[in-house]
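Chains as they are written, first to last, in full-length UniProt numbering: chain H, 1 to 155; chain P, 1 to 877.
Glycine is no exception: its CB is placed at the ideal position from the N, C-alpha and C atoms.
This report refers to the structure that appears directly beneath it.
Below you can see the structure in the form of structure tokens.
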């Protein structure tokens, strides 16, 4: 138990910054136009586009590591026979698999399509998804922490 | 899964930038920034920590539970209904007498109803008329006899006079609801239909050093601002008070000083500014045209190359541009060929690149040449080109590599690439497989493969869009060519798509003529390069989704590599804040582009609409044509992202929801009958027409490419064209008289009445003209008036008429002149000439005419009356 939970904590700390960046990326996508007062900073279309696509790419880059870490995580729980913890993670795992299966047509890896991401519904969905997952990881982080301390104390 | 459109999106806290309506004016700020990087709008590129200010207050969208969908089956209620209408099936002629007499008596309790509606006190006469309840089950003749202009917004006369023309800018609700809650109650979509680069006969062009804009939200000055005093003006979008620059005090039209409210910017809602260098990122690009031509065996066989070369030769002088205009050609089969047209060469030099896996540009100069300097060589090439490939045995097509080559060639300048393709790409990057199963063409189940098979074309389009290259696609194929994948190359680079199914220069003269005329228009029409369009609206309104061909760069900014006068856009809006503190809502679309003469210009359209707080007023201001177009766009998005049946159910639910909302509003309306306000009386008809449109129909044999093309058309055509495609205009033209006429530019134009699209309106003795936008049918009944056939068509009798006539001869009879005057009057407002077919009643071609009679029943679809009953049944659930 202790070994896996320690790993869990490590991995959770790895996931957090990625997920936060992910949320930030979406938020920037959504709000970046809303500062016209800062006129000297007005955008140049090419620069703007590069930035926009970069942000989408950022989100792309963040997706796969997050998924892989989570899968790795679940495998570890499986090895340690932590059925309860595994059970808690199963819904998210299956969600990830479903999400990746139903992604738009794409030749490379990734989830987000730069041409549809600005659609208000999709953007809102991605943002909400990010926040929900952040909450989930945060809660599981404390749960693993609790598990580790419990094992350390009781042994 | 609820089969509804997410008309009302989810809320997310936003940082309002124009919220500070403080009336302090900081005199130091100049209205136009000096920064070079300044482009059309105010984007914000910071790496700021704005997200901290946006807590997750996500509110899940409200969704009513889905209605059951036993859609194709019939409810027993149909049988119980007394005196059902005898269904006239179009395939059997169906000249039955109208079965509608029992329903034609006027609705009995009209006055009762209008009093029951409530909230009608104080509404104008106009509104009372648009709110008049109509029982659709009883009123048969709901189609207006003439084209009806869109509803006028309820504004003061001064504002109405200067408001933007509805041809350019239309809103689905001419009375904007005050809150999202009110909009949700009305169950109507809120959105804009735009045709921003339309050919205009009159356009004030303004040259001034400073273009007056709001300091805060960057809106251009427009007729709907208010001047506080001589020196200050108040924005109508963010209500910030701005200074009037000195230059603005001078009026160039009247040459007077001190009358800022008489400047053309303030007198016209559509103006064009000549932009200064602040609005440029680089020197304005020259007009650059590259033609990418398929020369495989299939292409040569179809004979399009002749038509194209001849057309380009004829129009070479008329290509929009100046002395810097450049032109180039690339042809491809299994290899890619370039043409060196350097000035001074005795004849064009062909360079072949056979390495299609890694295509490269053989020489960097002289492939795109100055049209003026190398005109003779270009002409030589165009004359030689059709002959060069006559004996080719190459059947492969390397479209992907050719496009990559075109991209590399155009990269430094940007411009327009016109691609002519005649088959499925079979070689190199972007090769496609046939995905269509001909047996499933008429299935009533789901239609597969509406989306792209590969993202190669989309990626390429995004790259092109980044380098200001627009790609237009001409597909002339007789077989399946996977337009769903190919169209992506135009969709995201703001190009246009043209499709000529089974094109052949000899066997299919109608298509050939249409191709020729389309090319003529395409080559000579206005063009704008490196364009961006931004849509601004009053604080509280926000943009939800865009529809059309472009790349969405930011929440309100579209990037258009090329902009052409024939494309329209649709925008879905949502209301994020409350509009309670304002009585007017404004929308402004600003299109910044480089003209073909190398001038940077900004075209600004402003639309102003009243804000209302009553549900009945929202219904009164509904613009049914705009609503139909917006719904069509939404349905197409839905059918690609989800499925066709989902989209169809969502369309039906849109009508059901709206009518239920109306019924709930007027509480004591008797439950029998299907009551709509007069403004929405055509709603069920138009939705039925959409369901029977090629793009969305099921059960009728439709080739996948034609369906996808129809979807592309619905997405990017202007409103009137979409309406004609969905619900064609039908006229009887054999008995046109000079009595009902309309004088137009000196000639007398007869005005026959619009007829309902049902076979019962046709008679054996008549000749009927159906105008479907891109195609026109002249249907002749078996016993058609012989004088008409002789005087208009030039044949002695019905039997001697050929079955494939594609034009009306110019005869010197009064009958003929009258008919031709009417048709050319119909054609006047549109830019592309429709294909024309004379359809005899006893030929097989008549099915293509009859399938447009949307009110009739077909094997797989409801008649109009059945559809109404279906809606009624759904509503009572």
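Examine the Cβ distances between the region 376-390 of chain P and the region 398-416 of chain P and report whether three or more of them are shorter than 8 Å. no
Stretch-stretch touch, CB-based, cutoff 8 Å, three pairs: the region 687-700 of chain P with the region 852-872 of chain P: yes
key: Enclosing beta strand (DSSP E) for residue 585/P [first to last residue]   = 584-595
Q. Does the beta carbon of residue 455/P come closer than 7 Å to any beta carbon on chain H?
A. yes
- request: Taking residue 514/P as the reference, give the member of 137/P, 836/P, 828/P with the closest Cα.
  value: 836/P
**Item:** Under 9 Å by beta carbon: chain P residues contacting residue 107/H
**Value:** 454, 455, 456, 459
Step through the CB atoms of chain H and report whether any lies within less than 7 Å of the CB of residue 852/P. no
Cut-off 8 Å between Cβ atoms - residues of its own chain near residue 555/P, not counting five sequence neighbours on either side:
Within the same chain, residue 555/P has close Cβ partners 542, 543.
Burial state of residue 344/P (16 or more Cβ within 10 Å): exposed
Worksheet item: Can you name the residues that DSSP bridges to residue 771/P?
Response: 729/P, 776/P
What does the alpha-carbon distance come out to for the pair residue 540/P and residue 586/P? Distance between the alpha carbons of residue 540/P and residue 586/P is about 11 Å.
Members of the region 470-501 of chain P that neighbour chain H once the beta carbon cut-off is set at 7 Å:
Of all residues in the region 470-501 of chain P, those with a C-beta nearer than 7 Å to a C-beta of chain H are 492, reading in chain order.
- prompt: Interface residues of chain P around residue 101/H at Cβ under 8 Å?
  reply: Those do not exist, as residue 101/H stays about 15 Å from chain P at its closest Cβ, beyond 8 Å.
task: Return no unless some Cβ of chain P is closer than 7 Å to the Cβ of residue 33/H.
output: Caution is warranted here: a pLDDT of 44 is assigned to residue 33/H, below 50, making its placement in the model unreliable, and the coordinate value is therefore given only provisionally. Yes, residue 33/H counts as interfacial toward chain P.
task = Report the neighbours of residue 80/H on chain P: residues whose CB is nearer than 8 Å to its CB, in chain order.
result = Near residue 80/H there are no residues of chain P at all, since even the closest Cβ is about 33 Å away, more than 8 Å.
- [ ] Give me the Cβ distance between residue 730/P and residue 754/P, rounded to the nearest whole Å; I'm assuming they're in contact under 8 Å.
- [x] 7 Å
What residue from 834/P, 622/P, 747/P has the CA that sits closest to residue 154/P's CA?
622/P
### Message
So, at 7 Å on beta carbons, what are the nonlocal neighbours of residue 790/P in its own chain, with the 5 sequence-adjacent residues on each side left out?
### Response
796
* Can residue 338/P and residue 320/P be called in contact, C-beta distance under 7 Å? -> no
Q | Collapsed DSSP secondary structure at residue 714/P in the structure displayed | A | helix
key: Opposing strand residues paired with residue 837/P [DSSP bridges]   = 777/P
inquiry  = Quick check: the Cα distance between residue 545/P and residue 634/P, rounded to an integer number of angstroms?
reply    = 9 Å
Below 9 Å on C-beta distance, what does residue 544/P contact in chain H? 119, 120, 121
Per the DSSP calculation, residue 289/P is bridged to which residue(s)? 327/P, 416/P
Beta-bridge partners of residue 575/P, as assigned by DSSP: 541/P
task = Give a yes or no on whether the minimum CB-CB distance between residue 563/P and chain H is below 7 Å.
result = no
Q: Go through its chain and collect everything with a Cβ distance to residue 512/P's Cβ below 6 Å, but skip five positions before and after it.
A: Cβ-Cβ distances below 6 Å link residue 512/P to 505 in the same chain, with the five nearest sequence neighbours on each side left out; the list follows chain order.
Segment limits, beta strand (DSSP E) that includes residue 350/P
Here the beta strand (DSSP E) through residue 350/P covers 349-353.
inquiry  = Just to confirm the assignment: which complete alpha helix (DSSP H) runs, minimum length 4, are found wholly within the region 120-200 of chain P?
reply    = 125-131, 157-162, 180-186
* Asked: So residue 461/P and residue 493/P are in contact, right, with Cβ under 8 Å, and what is the actual spacing, rounded?
  -> 4 Å
What does DSSP give as the partner residue(s) for residue 662/P in the beta ladder? The partner list for residue 662/P (beta bridge, DSSP) is empty, contrary to what the question assumes.
Check your understanding: Which ranges would you report for the alpha helix (DSSP H) in the region 448-536 of chain P if only whole runs of at least 4 residues count?
Key -> 456-466, 483-486, 488-491, 509-524
Taking 6 Å as the cut-off, is the CB of residue 531/P close to at least one heavy atom of the ligand GTP? Only the bare structure without any ligand can be found here, which leaves the ligand GTP out of the picture.
Margin query: For residue 715/P, count the other beta carbons within 10 Å of its own beta carbon; 16 or more makes it buried, fewer makes it exposed. Which is it?
Written below: buried
| task | Compute the Euclidean distance between the alpha carbons of residue 239/P and residue 210/P, then round it to the nearest angstrom. | result | For residue 239/P and residue 210/P, the distance between alpha carbons rounds to 21 Å.
Please check if any C-beta of chain H sits within less than 7 Å of the C-beta of residue 330/P. It does not: the Cβ of residue 330/P has no partner Cβ on chain H nearer than 7 Å.
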